[in-house]
């Protein structure tokens, strides 16, 4: 008997498991239509690879995995694809999501499939491929693709494999009944997992002590395998991954880390059965055990249910009394969510359909004020202060909420369960978590916007500076041009301006270094001046002829041009002398 | 088919706030029985009068606030405040002392702060301190315990008690007197042993003081019942009683004439057990976490001893609790539990890194 550790908090709601355990796992008549949602798992939705009107066989791939963290979907029975469209799915929000509808033909004809007899001989990579292709995602809760979970990478060797058979939620008996009837196959599935993980040192099956029949059923099969069945006192929520790991190993997964970071993998026991069927029998995941229970269901038992079976089909075969039913829950009474209607399909994570009577789960009473009695803190399995979280949640004090570790809340509902004031605490935490996530996303967005704006400002300033520099340069050039030629005395520049002019003159002088260049320029100047002189003299002659009023101006221009011509000629003479 | 949409969890335990309050009321019975046995009908009259006043006040204010009177009265919280205040007030005190105290508790200390769950101070203790400061003579007159009544004198009967409370009749000689804590405080200059021999209040007692020891044992019994029923945890009471016992042991001074008294006397006198199990366990005005409540209890124990030993008042539970109420939010900031997956306890004001 292995040592176990005790988690803080926890509650003991009435178990209500016996009702659905009076009969063995049943099989329902084939539904007329099966609706397979494309996103039953964490990750990208699968991509349909069939067309409306296409015939499909049982087990045929109807949607392909979209990338690594995704899984393919298979036809749960043979028939014709009758629709590929958005349908209501099992989600707390009652949202629509892409689904493939198959109208069954009643033949339930399998596609050719084949398993492997000796999986020990296959490389882990090959086994993971089979599991991925079989569309297996975790069947306990979140639905994380199993092949991804079982492949934590070489840098994180796995020393402990934990198989979660806790099933701590009241009412649900899907795992319990599966273990009772299929222990051999489940243990074989665990052996496959062991082979994939290169035979970890410890393999535990964690199970609550309220399932003695299941423990007994496992015993002969685990003998001599190195797999230990560890039972521990029943307490909700012992089946949470983090809680179970602590119970079995005494280790806590650091906040924000994964079990694989500590060399552990935790997998639901229903998933191990699906893995066995996939590897040894070559069957993809197209059905699962689902409990139908609650007093509004006349027949309470477990069914091997095809994925895509409408909930209404299950209820119709369970003598469901709608009037007596207070709500229809997918999952258990602690963490399950209510269904808006019975038209939604069973998916790979659906372990239970709970249809309680009003006596079992009455309508909620109005919430009373929180008196901070602290019963919630006593019940919290992760040692939070739910009463403070509630207070800060109402105040929308995000900083305090994060300091009180809101994001470590696993939403198990133990606090709300014990709250004497009927406060829907978990709902407040969910709302606050999404508020904070939204605020974080908005902060990232506004940070980006601010960075963009600041960069834009910087760029504009730089452009302005460059323009200013160019303007200054042009001004200098203009100053130099007007100061350089003949009469620097015409203006009275300030000393600094004079310096600038002197410098510009020096530069100009340096530019005219060679006498050849000076001579050439003077010759060009003389030629141009002679030309201008001729034109000016002609204009003067015309003006005198016409008796125009601008004779004096023109004669002055002629005189000016002549002077410049003479100056240039004198300079040239000087230069060539 | 359309079904009702409700968020999880769907299951709820049967424990309601009204049940919690009813259990607290039930747990006061042993102490109240001991009070009546030792001091006559006065305490029961106090409790009934305070209860009626509290319910009337609560209903009036809830009505003024436009809320459902039936819904808010059904939580029994006003009754708990009234019963605790009635127990704390001296038996046979004039009716207006009880009414003024109760009105102050319910209207000012509770409802004006927002009602149940929002009051920063213990309402019963606010009411108690108001009348203690306002009417010191009425508040320091206590009934003589059964064992000390003079020959041929008994506690007034129910009718006579009602006359005293409502009609202003003066009780017979020897029916009223000092409390052990009061008497002890005014016996400075005597060795503790001498006090215990000379003062009939101690001479007639078995452990701590005639009458009072039974009252304290009664509240201890009721408190243990509440801990067993998980209405509150042991942290607050153990913190207070531990600190009080430790302080009185440290300052015992071998029973010299300046000794503030023995641990047994402090634990079984005055409002010690009532305070430890019924007053400081008021969840609304106390610290929140278990560690916080332990510190909160220790603080109250220290303050009770300091005021009893060196203050002006013979007893100090009400003042100590109110002072600790001030400190509760501060204690809360530094006493967060360590959450799963975290290596350290955090502070409530800590900010996310990065």
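Chains as they are written, first to last, in this note's numbering: chain V, 352 to 928; chain A, 15 to 368.
We put the beta carbon where it would ideally sit given N, CA and C, even for glycine.
Alpha carbon of residue i to alpha carbon of residue j, nearest angstrom
i                      : j                      : result
residue 51 of chain A  : residue 119 of chain A : 27 Å
residue 926 of chain V : residue 915 of chain V : 16 Å
residue 347 of chain V : residue 412 of chain V : Nothing in the structure corresponds to residue 347 of chain V, since chain V is present only between 352 and 928.
residue 311 of chain A : residue 24 of chain A  : 36 Å
residue 130 of chain A : residue 94 of chain A  : 12 Å
residue 353 of chain A : residue 71 of chain A  : 42 Å
residue 493 of chain V : residue 453 of chain V : 25 Å
residue 240 of chain A : residue 37 of chain A  : 7 Å
residue 884 of chain V : residue 809 of chain V : 55 Å
residue 690 of chain V : residue 491 of chain V : 18 Å
residue 823 of chain V : residue 804 of chain V : 28 Å
residue 905 of chain V : residue 920 of chain V : 22 Å
residue 726 of chain V : residue 296 of chain A : 13 Å
residue 31 of chain A  : residue 719 of chain V : 8 Å
residue 362 of chain A : residue 666 of chain V : 48 Å
residue 368 of chain A : residue 547 of chain V : Per-residue confidence for residue 368 of chain A stands at a pLDDT of 39, beneath the threshold of 50, marking its modelled position as unreliable; the derived number appears in the next sentence. Computed Cα separation, rounded: 39 Å.
residue 771 of chain V : residue 174 of chain A : 42 Å
residue 365 of chain V : residue 521 of chain V : 7 Å
residue 275 of chain A : residue 108 of chain A : 32 Å
residue 190 of chain A : residue 260 of chain A : 32 Å
residue 668 of chain V : residue 676 of chain V : 16 Å
residue 749 of chain V : residue 395 of chain V : 30 Å
Residues bridged to residue i (per DSSP)
i                      : result
residue 449 of chain V : V:437
residue 199 of chain A : The partner list for residue 199 of chain A (beta bridge, DSSP) is empty, contrary to what the question assumes.
residue 430 of chain V : V:407, V:455
residue 463 of chain V : None, per the DSSP bridge assignment.
residue 642 of chain V : V:653, V:703
residue 671 of chain V : V:648
residue 26 of chain A  : Residue 26 of chain A pairs with nothing; no bridge assigned.
residue 385 of chain V : V:453
residue 326 of chain A : Residue 326 of chain A pairs with nothing; no bridge assigned.
Proximity test, Cβ basis, 8 Å: residue i and chain A
i                      : result
residue 575 of chain V : no
residue 614 of chain V : no
residue 695 of chain V : no
residue 602 of chain V : no
residue 718 of chain V : no
residue 339 of chain V : Here chain V covers residues 352 to 928 and nothing more, so residue 339 of chain V does not appear.
residue 692 of chain V : yes
residue 795 of chain V : no
residue 937 of chain V : No answer is possible for residue 937 of chain V: the residues shown for chain V start at 352 and end at 928.
Supposed close pair residue i, residue j - CB separation, criterion 8 Å
i                      : j                      : result
residue 262 of chain A : residue 249 of chain A : Contact flag wrong, Cβ pair sits at about 21 Å.
residue 462 of chain V : residue 451 of chain V : At roughly 16 Å, the Cβ-Cβ gap does not stay under 8 Å, so residue 462 of chain V and residue 451 of chain V are not in contact.
residue 496 of chain V : residue 422 of chain V : 5 Å
residue 47 of chain A  : residue 232 of chain A : 6 Å
residue 206 of chain A : residue 269 of chain A : 4 Å
residue 98 of chain A  : residue 293 of chain A : 7 Å
residue 516 of chain V : residue 620 of chain V : 4 Å
residue 42 of chain A  : residue 236 of chain A : 6 Å
residue 82 of chain A  : residue 35 of chain A  : Their Cβ separation, rounded to whole angstroms, is 17 Å, which puts residue 82 of chain A and residue 35 of chain A out of contact at 8 Å.
CB contact check: residue i to chain V, cutoff 8 Å
i                      : result
residue 358 of chain A : no
residue 363 of chain A : yes
residue 77 of chain A  : no
residue 89 of chain A  : yes
residue 127 of chain A : no
residue 155 of chain A : no
residue 243 of chain A : no
residue 20 of chain A  : yes
residue 36 of chain A  : no
residue 30 of chain A  : yes
residue 350 of chain A : yes
residue 131 of chain A : yes
Residue i Cβ short of 7 Å to the ligand PLP heavy atom set
i                      : result
residue 626 of chain V : Because no ligand of any kind appears in the structure shown, any question about the ligand PLP cannot be addressed here.
Return the chain-ordered ranges of every alpha helix (DSSP H) run that is complete within the segment 212 to 294 of chain A and spans a minimum of 4 residues. 214 to 217, 226 to 242, 249 to 264, 277 to 281
Starting from the N-terminal side, write out each stretch of the alpha helix (DSSP H) that is 4 residues or longer and does not extend beyond the segment 458 to 527 of chain V. 475 to 484, 497 to 500
Let me know the alpha helix (DSSP H) ranges lying completely inside the segment 20 to 69 of chain A, each 4 residues or longer, listed in chain order. Entirely contained in the segment 20 to 69 of chain A, the alpha helix (DSSP H) runs reaching 4 residues are, in chain order, 31 to 41, 43 to 53.
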